[in-house]
Each structure stands twice: as structure tokens, then as C-alpha cells.
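J.: Questions regarding the structure given below will be posed in turn.
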Amino acid sequence: MTARRDAQAFLHRFASASKFELHLHLEGAVPAATLVRLSSRSPKPIFPDVASVRARRRALGSPEAFFAFYRDICRQLNSPADYGLAARGLVARLARENVRWAEVYVSPAVVEKIGLDWFDVRDALESVFAEHEARGRGRVRVLLDFVRHWGPEGASRVLDLHAERPWPRVVGFGLGGDETAFAARDFAEVFRRGRKAGLFPVVHAGEWAGPESVADALLFLKPVRIAHGIRAVEDPALLNALARTGIVCDVCPTSNLRTGAVPRGSPHPLLRMLRSGVAVTLSTDDPGLFGTTLLGEFRRAAVWGATAAELSRCAVVARQAAARTRSYNAT
Ligand SMILES: [Zn+2]
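Letter 161 of the sequence shown, counting from 1, is numbered 204 in our numbering, and no numbers are missing.
Following this line, the structure appears as C-alpha cells:
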């Protein structure tokens, strides 16, 4: 009982505390009300009202449903101004939650797929993030997302765009998308190029694919952090290696349930990761899509039995990881 009370006391303090969030995607952060507003311009709106967004959330449960929802959100972004609106929704949520440092995945490849000019979109995003910072509401840094299922050529194109006109807000690059498409080793060369450009690598692994995807990412791509990494619990040696090396895993509990990464009825691997000594942060991943908050992720972990000390550790690891980003950026 005392442990539960301590966890509740932590959550109470954490609600208003400074927060650090390292794993969220711009498109997935579009709030439901913004989606409805964007969608209303179409003669046949996909999201005619907030109830329709909630219905899509309820229908989640598989990677297919998740990717279809994500694609439908991207379809609402038809101009740089739309991206600006999406960014406004994102920073409003960060401010509400007192997130002082956020690392946001932005995907130039998605922007080009939609048919927009990356530099125009980038300028629209920059003005929103700069205003957020100028008002003292917290800092936003960008991770350029390589979409795994579009292959190493797509990733290379993202680095070309960045080289053409570097965006100072970018601190790193990530590999997201469908984990089962393309092996980690296929991206080894483009990751070398990214590191040479002074950016640090983060890899989505061990989400839908098994522990070998985490092991391959570590071996071939040498990330400073793993996004998710939850399926590492299936390989005790790998779990120990993560704990020993201190590679941070940015875990998103609600996302893992809604995308079917954790099968219905199975316990989430979070507690096993924490109790094996793995450095874990908690994040929302796609807060608009899943209808979650950073505090909600901590609350969920507490419901699963995370102690006050474990919740506090997640918050401390996130703060330390943000500090590492700042120092990486400075070198
Ligand atoms: Zn993610």
C-alpha cells in the first residue's frame, strides 16, 4: 500500500514538474481538434468530428490499423501552413504539460511524398518552434526521420536535403517506419554519413520486430538511443548488454498497446526492462493519434506497478539524455 501511495505522490509532484520528452512524431502529435479542422476542407472529410477521431483510436490494435490511421493524418497536411498548424498543436500540448525539452521526429520524406517543398515546410515549423522557445515555454529539437520502408535511398535523400540547407534545430536522425522492411545493415552507410554531418543516430527497433532487430541496430547503426526496444526482454543477454552499456530506450507504453506491439492480455515489458537495469525514458510517441499525454504514460506505468523510485528514474534518465543531446550538439 505504501509503495502505491509513494507512486501516487510522485505522480502528483510530476504533474507540474519540468519534463523531458524524447520520442514523439510531428504528424502523430496533431490534436484531434486540429485534425477535424484540417479535414473539414474536404468535401468528404475523413475526420468530420472529434468523435470520428476517437472511433479511429478505439479501432486500433494492429500495425495495419496504426499505419492506415497515420497515413490518413498525413493526408490532411496539404501545405506548409498545415504543417505549421500541426506544430502549433504539438507545442501547445508540450506547454500544457510543462515539457521543457522535446526531441521531435520530423520526416522530410513524408513531406515530399505529400508533394510539398521540404524547405517551405521546414520554415513553417521553424517559426512555430522559435516562437515557442522565445516565449520561454521550453525547447524543441528535431530528429530527421528516415522512413525505413522507403529504404536507404530515401534516407540518403533526407541527408541531401539537410546538407543543401542545414536546419540548426536538427540534432540527430532516426530510423522509423515499418521495422520488418529493410535490414539495419542496409542503412549502415547512410548512418555513417549522418554521424559525419555531426548528427546523432536514434533507431526504432524491438517494437514489432523481435530482439534481433535491437541487436542488429546496435551492431550496424550504433545508435545513442533506441526508440521502444521493448522486445529486448525476449533475449536476456541482449537485455544485460543494454543495461551494461547504458543505451537509453525511449519507451511509449500506450503506443505499444494500441499498435499491437504488445499483444492484448500480455504484460508490457516496461517493468522487466526497468528491473533489469535498462535506462528507460517514457514518451507519448504519437500523442494526438493515441490521445495520450506524458503524464498519462507515467500514470499507466504506475498502474502496472512501477514504484516511485522507478518512475523518478525514468524522468531522471530523460533529463540526462537531453543533456547528452545538448553536449553532442556542442561538439
Ligand atoms: Zn516512434
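Built from N, CA and C at the ideal position, the CB exists for glycine as well.
Note that the structure is a prediction, hence the values are computed from the model and not measured.
Hey, how far is the Cα of Ala373 from the Cα of Val214?
T.: The residue given as residue 373 occupies position 330 in the sequence shown. The residue given as residue 214 occupies position 171 in the sequence shown. Residue confidence is low: Ala373 scores 46 on pLDDT, short of 50, so the model does not pin down where it sits. No coordinate-derived value is stated.
J.: Kindly provide the ranges of any alpha helix (DSSP H) runs that are 4 or more residues long and lie completely inside the region 151 to 229, ordered along the chain.
T.: Here the runs fully enclosed are 151 to 157, 161 to 177 and 194 to 207.
J.: Could you tell me whether the Cβ atoms of Val359 and Thr324 are closer together than 7 Å?
T.: As a position in the sequence shown, residue 359 is number 316, starting the count at 1. As a position in the sequence shown, residue 324 is number 281, starting the count at 1. Against a cut-off of 7 Å, the Cβ pair of Thr324 and Val359 comes out as no contact.
J.: Based on Cα-Cα distance, which residue from Pro312, Glu146 and Ala177 lies nearest to Pro279?
T.: Position 236 of the sequence shown, counted from the first residue, corresponds to residue 279. Closest option to Pro279, Cα to Cα, is Pro312.
J.: Taking the alpha-carbon positions, what's the Gly320 to Ser82 distance?
T.: Along the sequence shown, read from residue 1 onward, the residue named residue 320 stands at position 277. Along the sequence shown, read from residue 1 onward, the residue named residue 82 stands at position 39. Rounded to whole angstroms, Gly320 to Ser82 spans 45 Å at the Cα level.
J.: Quick one: what does DSSP say Cys357 is sitting in, helix, strand or coil?
T.: Counted from its first residue, the sequence shown places residue 357 at position 314. It is helical.
J.: Can Arg100 and Gly334 be called in contact, C-beta distance under 7 Å?
T.: Translated into positions along the sequence shown, residue 100 becomes position 57. Translated into positions along the sequence shown, residue 334 becomes position 291. Closer than 7 Å, so yes.
J.: Evaluate contact between the region 248 to 268 and the region 207 to 222, counting only Cβ atoms and requiring at least three cross-stretch pairs below 8 Å.
T.: Yes, the region 248 to 268 is in contact with the region 207 to 222.
J.: Return the CA-CA distance between Asp125 and Thr336, expressed in angstroms with no decimal places.
T.: As a first step, residue 125 is located in the sequence shown; it is residue number 82 there, counting from the start. As a first step, residue 336 is located in the sequence shown; it is residue number 293 there, counting from the start. Rounded to whole angstroms, Asp125 to Thr336 spans 22 Å at the Cα level.
J.: Where do the ends of the alpha helix (DSSP H) carrying Thr45 lie?
T.: Numbered from its first residue, the sequence shown carries residue 45 at position 2. Segment Thr45 to Ser59, the alpha helix (DSSP H) holding Thr45.
J.: Compute the minimum distance between the beta carbon of Ala72 and the heavy atoms of ligand 1, and state whether it is under 6 Å.
T.: Position 29 of the sequence shown, counting from 1, holds the residue named residue 72. No, the beta carbon of Ala72 sits no closer than 6 Å to any heavy atom of ligand 1.
J.: Whose C-alpha, out of Pro88, Asp160 and Ala364, is nearest the C-alpha of Gly289?
T.: On the sequence shown, position 246 is the one that residue 289 refers to. Considering only alpha carbons, the answer is Ala364.
J.: With the cut-off set at 7 Å, would you say Val171 and Arg131 are in Cβ contact?
T.: Reading the sequence shown from its first residue, position 128 is the one you call residue 171. Reading the sequence shown from its first residue, position 88 is the one you call residue 131. Yes.
J.: Tell me which residues share the same chain as Thr368 and place their Cβ nearer than 6 Å to its Cβ, disregarding the 5 neighbours each side in the sequence.
T.: As a working mapping, residue 368 is identified with position 325 in the sequence shown. These residues qualify, in order along the chain: Val214.
J.: Taking 7 Å as the limit between beta carbons, can you name the residues of its chain near Phe53, skipping five residues before and five after?
T.: The residue you call residue 53 lines up with position 10 of the sequence shown. Taken in chain order, the residues that qualify are Ala351, Leu354 and Ser355.
J.: Can you give me the C-alpha to C-alpha distance between Leu204 and Leu120, rounded to a whole angstrom?
T.: Translated into positions along the sequence shown, residue 204 becomes position 161. Translated into positions along the sequence shown, residue 120 becomes position 77. Their Cα atoms are separated by approximately 20 Å.
J.: Please say whether Ala50 and Ala248 have beta carbons closer to each other than 7 Å?
T.: Position 205 of the sequence shown, counting from 1, holds the residue named residue 248. Position 7 of the sequence shown, counting from 1, holds the residue named residue 50. No, these two residues do not count as a Cβ contact at 7 Å.
J.: In chain order, what are the residues with a CB under 6 Å from some non-hydrogen atom of ligand 1?
T.: Taking each Cβ in turn, the ones that pass are His66, His68, Gly219, His247, Ala270 and Asp328.
J.: Just reading off the alpha helix (DSSP H) that Ala108 is part of, what are its end residues?
T.: Mapped onto the sequence shown, residue 108 falls at position 65. Segment Pro106 to Cys117, the alpha helix (DSSP H) holding Ala108.
J.: At the level of alpha carbons, what is the spacing between Glu155 and Gly179?
T.: Counting from one through the sequence shown, the residue named residue 155 turns up at place 112. Counting from one through the sequence shown, the residue named residue 179 turns up at place 136. Taking the straight line joining both Cα atoms gives about 32 Å.
J.: At 3 residues or longer, and completely inside the region 224 to 304: list those beta strand (DSSP E) runs for me, N to C.
T.: You should have 243 to 248, 268 to 271 and 291 to 294.
J.: With Thr302 and Pro74 assumed to form a contact (beta carbons below 8 Å), what rounded beta-carbon distance in angstroms separates them?
T.: For the purposes of this step, residue 302 is identified with residue 259 of the sequence shown, where counting begins at 1. For the purposes of this step, residue 74 is identified with residue 31 of the sequence shown, where counting begins at 1. Actually they are not in contact, since the Cβ atoms of Thr302 and Pro74 sit about 19 Å apart, beyond 8 Å.
J.: By a C-beta neighbour count over all protein chains shown, 10 Å radius and 16 as the cutoff for buried, is Glu174 buried or exposed?
T.: Indexing the sequence shown from 1 puts residue 174 at position 131. Label assigned to Glu174: exposed.
J.: Starting from Ala32, follow the beta strand (DSSP E) in both directions and report where the run begins and ends.
T.: With the chain represented from 44 up to 374, any question about residue 32 goes unanswered, as that position is not in the structure.
J.: When the Cα of Arg191 is compared with those of Leu133, Gly241, Trp210 and Phe234, which residue comes out closest?
T.: Looking up residue 191 in the sequence shown gives position 148. It is Phe234 whose Cα lies nearest to the Cα of Arg191.
J.: Between Leu65 and Asp293, how many whole angstroms is the CB-CB distance? I'm expecting something under 8 Å.
T.: The residue you call residue 65 lines up with position 22 of the sequence shown. The residue you call residue 293 lines up with position 250 of the sequence shown. The Cβ separation is near 5 Å, so the contact holds.
J.: For Asp329, name the three-state secondary structure that DSSP assigns.
T.: Taking the first residue of the sequence shown as position 1, residue 329 is located at position 286. Asp329 falls in the coil class under three-state DSSP.
J.: Closer than 8 Å by C-beta to Arg143: which residues in its own chain qualify, once you throw out the five before and the five after it? Chain order, please.
T.: Residue mapping note: residue 143 aligns to position 100 of the sequence shown, counting from 1. Cβ neighbours of Arg143 beyond the five flanking positions: Ser61, Lys62, Phe63, Gly181 and Arg182.
J.: Give me the residue from Arg362, Ala270, Ala102 and Arg342 with the minimum Cα distance to Tyr148.
T.: In the sequence shown, residue 148 corresponds to position 105, counting from 1. Ranking Arg362, Ala270, Ala102 and Arg342 by Cα distance to Tyr148 puts Ala270 first.
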